[in-house]
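So the sequence lines, in the order shown, correspond to chains E and P.
Number 800 marks the last residue of the first sequence (the working numbering); no jumps.
Number 800 marks the last residue of the second sequence (the working numbering); no jumps.
2 protein chains.
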Amino acid sequence: MRELFQADMKSLGDQLVEIAGLVHEAMSQARDAFENADVELAEAVITNDARIDYLQTALDEKAIELLALQGPVAADLRTVVAALRMSSSLERMGDLARHIAQLARRRFPDLVVPELAREDFRQMADHAVTVSGEVEQLLTTRDLQHASTIAKLNASINELHAKNFATVSLPEWNAPAATAVDVALASRFLERFADHGVSVARKVTYLMTGEWEPVIAAD
Amino acid sequence: MRELFQADMKSLGDQLVEIAGLVHEAMSQARDAFENADVELAEAVITNDARIDYLQTALDEKAIELLALQGPVAADLRTVVAALRMSSSLERMGDLARHIAQLARRRFPDLVVPELAREDFRQMADHAVTVSGEVEQLLTTRDLQHASTIAKLNASINELHAKNFATVSLPEWNAPAATAVDVALASRFLERFADHGVSVARKVTYLMTGEWEPVIAAD
Chain E
582 MRELFQADMK SLGDQLVEIA GLVHEAMSQA RDAFENADVE LAEAVITNDA RIDYLQTALD
642 EKAIELLALQ GPVAADLRTV VAALRMSSSL ERMGDLARHI AQLARRRFPD LVVPELARED
702 FRQMADHAVT VSGEVEQLLT TRDLQHASTI AKLNASINEL HAKNFATVSL PEWNAPAATA
762 VDVALASRFL ERFADHGVSV ARKVTYLMTG EWEPVIAAD
Chain P
582 MRELFQADMK SLGDQLVEIA GLVHEAMSQA RDAFENADVE LAEAVITNDA RIDYLQTALD
642 EKAIELLALQ GPVAADLRTV VAALRMSSSL ERMGDLARHI AQLARRRFPD LVVPELARED
702 FRQMADHAVT VSGEVEQLLT TRDLQHASTI AKLNASINEL HAKNFATVSL PEWNAPAATA
762 VDVALASRFL ERFADHGVSV ARKVTYLMTG EWEPVIAAD
């Protein structure tokens, strides 16, 4: 029974890693589609999101089955409940990558972001891709150094998010109002994507240490 | 043991209703603050959100304790897991009401939305308030008529959300880009608020019927 339980717990962890890998791939492709107005790649991200949704549902069913059949307690129970929460965060990250791809598709053949904000968006999207890569690594290795990296990337993304709003108010900003709307939404999607990454990092940190906050190395 | 279990399950349901009541109050006040540039009311919504967050954490702890001590199975287990999910949706709804209040505070003493879009926003915010009232009623009574109402309100909100984006592109739109950004964000917050309401409605519907989709009356 105990061996079966350990195998089930491991399989739950593997499923989380698999979803995180797809989310990382989705954001990586969404960034490329967004920056290069690549409508085929955008379509691929949009289509592939269904796979993430399917795997989340499968993971949730597995977790509920594990709760029903094995009645875990203490740390094991918290791990299963955390897996349910993390699968939900990962599924939202997949949705947000899809939203970025949808913006790229909607503005094709134009780019979504005008020249004035493009460099900040490039950094922001790179950080978002790195966040999802770090989430995948964190779930694979449980090395909390990745949680710390995610927290730092999130702080940078929040700064860039605020900066994007300031950019729209600059006298040099001369794009149509609809472009300002797209910029606001894209910035919000990337910011939320990172928030969900932090949420996963906090749950892993809590499971490993009993503390909620990832330690951010002072550098 | 069974009686204790039933009492715990009832208490979990009561806690959800309490949080839903606070979310309804928060969105109702956020709407008023947003439409009247009432900065004190906006501050109240922002401050009171901490209470919703606290109650969500308390509910989650209760649910985990119930899983650990009572090991529910079958329908009871699904109800507890659904309660964890619904508390998470309600907490996000509280955050989104807070975001609406924060926009009102940021633009005070101006109104966030320019005249051209104000009537659509008035309807959208009223619908959002009604969604949260219906969520509270649904959780109180388990009468699926409320789930159907929530689905209909959400469809209207989605239409108004799309209309807001079209409004920003009209030739009559002459507000600064920063206003377009605020309008985009406010519209997105209301749309997401309703999405979370639908998410709660779907979970209650599933628990009551085994089906995922709330039935929308043909009218």
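Positions of the beta carbon are idealized from the N, C-alpha and C atoms, including for glycine.
Predicted, not measured: the structure shown is a model, and the values here were computed from it.
Between P/Gly594, P/Arg659 and P/Arg687, which has its C-alpha nearest P/Ile627's C-alpha?
Of the listed residues, the one whose Cα sits closest to P/Ile627 is P/Arg687.
Taking the alpha helix (DSSP H) that E/Ser750 falls in, what are its first and last residues?
Careful: E/Ser750 lies outside any alpha helix (DSSP H) and carries neither H nor E.
For P/Gly791, count neighbouring Cβ atoms within 10 angstroms of its own Cβ and tell me buried if that reaches 16, exposed if not.
Exposed is the call here.
Say whether chain P places a C-beta atom closer than 9 Å to the C-beta of E/Arg645.
Contrary to the premise, residue 645 of chain E reads as Ile rather than Arg in this sequence. Yes, its Cβ sits closer than 9 Å to a Cβ of chain P.
Pull up the distance between the alpha-carbon of P/Ala782 and that of P/Ala706, whole angstroms please.
Their backbone Cα atoms lie some 19 Å apart in a straight line.
Taking a Cβ distance cut-off of 9 Å, strictly less, list which residues of the segment 641 to 671 of chain E are near chain P, in chain order.
Residues Asp641, Ala644, Ile645, Leu648, Ala649, Leu650, Gly652, Pro653, Val654, Ala655, Leu658, Arg659, Val661, Val662, Leu665, Arg666 and Ser669.
If P/Glu710 and P/Ile731 are in contact, beta carbons under 8 Å, what's the gap, nearest whole angstrom?
Sequence check: residue 710 of chain P is Val here, not Glu. With 8 Å as the limit, P/Val710 and P/Ile731 do not qualify as a contact, their Cβ atoms being about 12 Å apart.
To the nearest angstrom, how far is it from the Cα of E/Ala625 to the Cα of E/Ser737?
Using only the alpha carbons, I get a separation of about 28 Å.
Please list, in chain order, all residues of the same chain as P/Leu720 whose beta carbon is under 6 Å from its beta carbon, the five residues on each side excluded.
Hits under 6 Å: Leu597, Val598 and Ala601.
Helix or strand or just coil, what does DSSP make of E/Ala706?
E/Ala706: helix per DSSP, three-state reduction.
If you follow the alpha helix (DSSP H) that E/Leu671 is part of, which residue opens it and which one closes it?
Ala655 to Arg688 is the extent of the alpha helix (DSSP H) around E/Leu671.
Whole angstroms are fine: how far does the CA of P/Asp701 sit from the CA of E/Leu588?
Per the sequence presented here, residue 588 of chain E reads as Ala, with Leu not at that position. Going from the Cα of E/Ala588 to the Cα of P/Asp701 covers about 54 Å.
Use the C-beta contact count for E/Asp800: other C-beta atoms within 10 angstroms, 16 or more gives buried, fewer gives exposed.
Residue placement at E/Asp800 is poorly supported in this model, since its pLDDT is 42, which falls under 50; the coordinates are not used for a value here.
Under a CB-based cut-off of 9 Å, is E/Val749 close to chain P?
E/Val749 counts as touching chain P.
Do the segment 674 to 689 of chain E and the segment 766 to 776 of chain E touch if we need at least three Cβ pairs shorter than 8 Å?
These segments touch.
Give a yes or no on contact between the segment 660 to 678 of chain E and the segment 638 to 650 of chain E, applying the rule of three or more CB pairs nearer than 8 Å.
Touching, per the Cβ criterion.
With a threshold of 9 Å between beta carbons, is E/Arg699 in contact with chain P?
It does not; no Cβ of chain P falls within 9 Å.
In chain order, what residues of the same chain have a beta carbon less than 6 Å from the beta carbon of E/Gln637, not counting five sequence neighbours either side?
Excluding sequence neighbours, E/Gln637 sits near Ser668 and Glu672.
Alpha carbon to alpha carbon, how far is P/Met789 from P/Ala759?
In a straight line, the C-alpha of P/Met789 is about 45 Å away from that of P/Ala759.
Helix, strand or coil for P/Ala625? Go by DSSP, reduced to three states.
Here P/Ala625 sits in helix by DSSP.
Any chance you could list the alpha helix (DSSP H) runs of at least 4 consecutive residues sitting entirely within the segment 590 to 655 of chain P, in chain order?
If we require 4 residues or more, the alpha helix (DSSP H) runs fully inside the segment 590 to 655 of chain P come out as 620 to 651.
Excluding five sequence neighbours on each side, which residues of the same chain lie with their C-beta closer than 6 Å to the C-beta of P/Gly675?
Answer for P/Gly675: Val604, Ala607, Asp630 and Ile633, listed in chain order.
Could you check whether P/His708 and P/Leu677 sit closer than 9 Å to each other, using their CB atoms as the reference points?
No. Outside cutoff.
With 16 as the cutoff for other CB atoms within 10 Å, does E/Lys784 come out buried or exposed?
Buried, by the Cβ-count rule.
The alpha helix (DSSP H) with P/Gly791 in it runs from where to where?
Where P/Gly791 is concerned, there is no enclosing alpha helix (DSSP H), given that its DSSP letter is neither H nor E.
Going straight from the alpha carbon of E/Thr722 to that of E/Ala728, what length do you get?
Whole-angstrom Cα-Cα distance: 11 Å.
Below 8 Å on the Cβ atoms is my contact criterion, and I expect E/Pro690 with E/Ala614 to pass it. Report the Cβ-Cβ distance as a whole number of Å.
About 12 Å; that fails the 8 Å criterion.
Any residues in the segment 761 to 788 of chain P with a beta carbon nearer than 7 Å to a beta carbon of chain E? Which ones, in chain order?
Listed by position, the residues of the segment 761 to 788 of chain P near chain E (Cβ gap below 7 Å) are Ala761, Val762, Ala765, Leu766 and Arg769.
Could you work out which residue in E/Ser592, E/Ala698 and E/Leu697 is closest to E/Ala664 when comparing CA atoms only?
Among E/Ser592, E/Ala698 and E/Leu697, the Cα nearest to that of E/Ala664 is on E/Ser592.
With a threshold of 9 Å between beta carbons, is P/Gln587 in contact with chain E?
With 9 Å as the cut-off, P/Gln587 does not count as an interface residue toward chain E.
Would you tell me roughly how many angstroms separate the C-alpha atoms of P/Asp776 and P/Trp793, rounded to the nearest one?
Roughly 15 Å between the two C-alpha positions.
In three-state DSSP terms, what is P/Ala799?
Unreliable positioning characterises P/Ala799 in this predicted model, as indicated by a pLDDT of 45, which lies under 50. The coordinate reading is nonetheless provided below. Reduced to three states, the DSSP call for P/Ala799 is coil.
Can you give the beta carbon distance from E/Leu697 to E/Thr748, rounded, assuming they're within the 8 Å contact cut?
Rounded, the Cβ-Cβ distance is 6 Å, consistent with contact.
Within the 9 Å Cβ cut-off, does E/Ala631 reach chain P?
Judged by the 9 Å Cβ criterion, E/Ala631 is not in contact with chain P.
If you run the structure through DSSP and keep just helix, strand and coil, what is E/Asn755?
Three-state result, E/Asn755: coil.
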